[in-house]
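**Student:**
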Amino acid sequence: MTKHMARENSILIIIIIIVIDISLSFVFCIRLNLDSHLKAFMDTLTELQEQEVLTDVTLILPDHFFYTGDIKLTAENVRDIVAVSEFLCCRHLKAHCEEYLSNTMDCSNFIDFYKLGKLFNLKVLIKTAFDFILSKFQEGISDYDKLTEDEVVDVVSCDRLNAENEDAVFEAVVHWVNADRDVREEVFPRIASLIRFPFCTQTKLTENVCCNPLMQKPGCIDFAHEALWSQFHFNCRPPIGNERRSTLVSWKPVNAKSTLANINGKIFAFGDDPASKTVKSFNPREANPEWNPEPDMVSPVDKPQIVQFAKKVCALGGCWSKVTQEFDPALGEWRLRSEMPGHCYYGTAVVLDDKIYERLKKCDM
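Taking UniProt numbering, the leading residue of the sequence shown gets 1, the next gets one more, and so forth.
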């Protein structure tokens, strides 16, 4: 680092050149009043030279910038200018950089901008980037490994997080853990408690979530079991306290005696009391969701057990019913299958190893 000084009356003009390597340098031209603060300023520059803390920067701040604020920001120089504005305590320059970063944010840089905002306390940029993360959640999963534990918690716990279903949230958390598994595996239970497992798809829960080694940690598998027993899947057991259990939209309940199931991101209601053939669906992703009619079942039922199997939906039994019904989405119609061995109701059904298993609470053979 070299310093060139010239005295003009009571004004000291300092031209500072900080050379980092062969091609990189800072050049500052600063006018200072000769007062008691000058020595401290010069001592700071000397200390920076000795410690070699400034690296990998090319920057020219013209003298007139400190009077006019005129400087051209680009994608190549804005990060360095933010760092310099922090060092020189130039609030107007820092605000100018923050506005530029916010206006140029996109899916390729929003995670990096969020981290930059945190580093230099750019509050507007932090909020803009955080909102971007929430709204474009599924487009940034590959970069989430850059986030800290607390930052992941802030994102996953936010009610404004926008994802097609909770499958994407689970995959993002698993990706984050796997990026530094030795360190992050131990904090997975903290983050798992924030995932809304009841909003995962049936296939994801049974074939991936429950089988993932991370979910075998104490307490974690309980969240998956809660989801399987929830009103969005089998409606048989009270929740155990998942912090992200509530829905994101207000919705009118369908028939109180229907069986609810979450199938491919939509909520379906099957049957009624007295027994009914009706099926209705509700899409929580719509702006103003309403219950819509779906193809009726073949036989009227009350409280059937619903399970998704081989891309088809099966309605098993019901109150005082042995009937088994199968819906084929490709054909858009129901058909009858082999009857249950008895009148089975108040139970649940799960898919395991290409078979359907029925857990019975009551069964009259």
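Even glycine gets a Cβ: it sits at the ideal position worked out from N, Cα and C.
Could you check what DSSP says for I263 in three-state terms: helix, strand or coil?
**Tutor:** Strand, per DSSP.
**Student:** With DSSP as the reference, please indicate the residues paired to K280 in a beta bridge.
**Tutor:** Bridge partners of K280: A269, P293.
**Student:** So what's E358 in DSSP terms, helix, strand or just coil?
**Tutor:** If DSSP states are grouped into helix, strand and coil, E358 belongs with the strands.
**Student:** Tell me the residue span of the alpha helix (DSSP H) that contains V84.
**Tutor:** Element bounds for V84: 78-88.
**Student:** Can you tell me whether F197 is buried or exposed, with buried defined as 16 or more other CB within 10 angstroms of its CB?
**Tutor:** Classification for F197: buried.
**Student:** Quick one: what does DSSP say E139 is sitting in, helix, strand or coil?
**Tutor:** Residue state, collapsed to three classes: helix.
**Student:** Are the beta-carbon atoms belonging to K312 and G271 less than 9 angstroms from one another?
**Tutor:** No, Cβ-Cβ distance for K312 and G271 is not below 9 angstroms.
**Student:** Under 9 angstroms, do H96 and L73 count as touching if we go by C-beta distance?
**Tutor:** The answer is yes: Cβ separation under 9 angstroms.
**Student:** Within 10 angstroms of the Cβ of G219, are there 16 or more other Cβ atoms? Answer buried if so, exposed if not.
**Tutor:** By the neighbour-count rule (16 or more Cβ atoms within 10 Å), G219 is not buried but exposed.
**Student:** Can you grab the Cα-Cα spacing for the pair A256 / D273, in whole Å?
**Tutor:** Straight-line Cα distance between these residues: approximately 8 angstroms.
**Student:** Counting only the same chain and skipping the five closest in sequence on each side, list residues whose C-beta sits under 6 angstroms from that of V298.
**Tutor:** Cβ within range, chain order: Q325, W334, L336.
**Student:** Taking its Cβ as the centre, do 16 or more other Cβ atoms sit within 10 Å of D167, making it buried, or is it exposed?
**Tutor:** By the 10 Å Cβ count, D167 comes out buried.
**Student:** DSSP state of R91, grouped into three classes?
**Tutor:** Three-state DSSP puts R91 in a helix.
**Student:** Would you mind stating whether K217 and F170 have Cβ atoms separated by less than 9 angstroms?
**Tutor:** No, Cβ-Cβ distance for K217 and F170 is not below 9 angstroms.
**Student:** Going by DSSP, what residue range makes up the alpha helix (DSSP H) through G117?
**Tutor:** Element bounds for G117: 110-120.
**Student:** To the nearest angstrom, how far is it from the Cα of Y357 to the Cα of L228?
**Tutor:** Cα-Cα distance, rounded: 14 angstroms.
**Student:** What is the rounded straight-line gap between the Cα of S36 and the Cα of C89?
**Tutor:** In this prediction, S36 scores a pLDDT of 45, lower than 50, which makes its location untrustworthy; the coordinate-derived value is nonetheless stated afterwards. Roughly 18 angstroms separates the two Cα atoms.
**Student:** When the distance is taken between beta carbons, is F268 closer than 9 angstroms to A275?
**Tutor:** No, the Cβ-Cβ distance between A275 and F268 is not below 9 angstroms.
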